[in-house]
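For reference, the structure discussed in these notes is given below.
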Amino acid sequence: MEGLFTLENLFTLGMLIMLQAVLGFDNLLYIALESQRVETSKQAKLRRWGIGLAVILRLVLLFALMKIISLFQDVLFSLNFNGVIEGHFTLHSLIVLIGGIFIIYTALKEINHMLMIEENENESRKPRSFMVSLIWIVIMNAVFSFDSILSAMALSENFVVMATAIVIGGILMIWLSDHVTEFLKKNRMYEVVGLFILLLVGVMLLSEGGHLSHLSLFDTEITPMSKGTFYLVIFVMVIVELVQSRYQKRLIAMKLKNDKTHID
């Protein structure tokens, strides 16, 4: 503990907290969308339990990575079909790839559900069980954890500083999850944007997993999507949705005004 509260460690702690917040955005969105699949009375409890258990899992994962990081980086198996597919897969890359596939599947399934909803307002699907959603939140948090933990390890070697940042980040996520969920409930149109962002997250994870595996398809190397590109695309999607929704409201208002004029 000697020298823990130095200016350097406090600065690093601040950087790590910001890092947790930025890299935790996609995870937060997944939690908000997943929590809406259980009974309304259990949604807030699910988010708190899910994030709480996820924080514990992150601390365990942080400790494990600091001790046995080589096990996550060692090649488990390779594929070598010249001109078709080549790659060297580690435990880390497999976790990221599987997580990306699952995220894409979840987003596409939810988008399909939105398109198939009947006009009858009473139509709704059967809520998912609390325990199943809790397990999925914890599992997906483990997938999202790798980037933030490995980035944290690049900034600091102090376990206490990194663990403190993870705990503070978890507390912020619990607070923000309620606000994000309420916003999506009150503004259902943005739920569609959220699902497409989640789909983009899955694509980003696939590209990252492919890069970690040194994967090549038809002699074309898979390169990771940069975080800058990811956030730029999200920004553009949100702006387009805002402009479109405002334009749609103006069209509806003009139509109502014209209909009223014709009636008069």
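In numbering that gives the first Met the number 0, the protein residues as written are 0 to 263. Note that beta-carbon positions come from the ideal geometry of N, C-alpha and C, so glycine has one too. Everything numeric in this text was worked out from a predicted model, so none of it was measured.
- Spatial neighbours of F143 in its own chain (CB-CB distance under 6 Å, excluding positions within 5 residues in sequence) are listed in chain order as N26.
- Taking the Cα positions, K226 is about 20 Å away from L93.
- The way I'd put it, the region 32–44 does touch the region 127–140; three or more beta-carbon pairs between them come closer than 8 Å.
- Nearest to F182 by alpha-carbon distance, out of I110, G169 and L28, is L28.
- Around the beta carbon of R245, a 10 Å sphere encloses fewer than 16 other beta carbons of the protein chains shown; the residue is thus reported as exposed.
- When DSSP reads this structure, F80 sits in a beta bridge with I84.
- Within a 10 Å sphere around the beta-carbon of V54 sit 16 or more other beta-carbons, which makes this residue buried.
- For L61, DSSP records no beta bridge to any residue.
- For L194, the closest C-alpha among the options I233, T39 and Q72 is that of I233.
- No Cβ-Cβ contact shorter than 8 Å links A164 with I30.
- When secondary structure is reduced to three states using DSSP, V192 falls in the helix class.
- Around the beta-carbon of M130, fewer than 16 other beta-carbon atoms lie within 10 Å, marking it exposed.
- Per the Cβ contact rule, the region 197–206 is in contact with the region 100–108 (3 or more Cβ pairs under 8 Å).
- Rounded to whole angstroms, the gap between the alpha carbons of H91 and N140 is 14 Å.
- Taking a cut-off of 8 Å on C-beta distances, the region 171–180 touches the region 39–50, as three or more cross pairs fall below it.
- The C-beta distance from S215 to E85 rounds to 5 Å, short enough to fall under 8 Å.
- Residue pairing for T11: DSSP places it in no beta bridge.
- Between D73 and the set F10, G82, T89 and L58, the nearest pair of CA atoms involves T89.
- DSSP, read as helix, strand or coil, puts E38 in coil.
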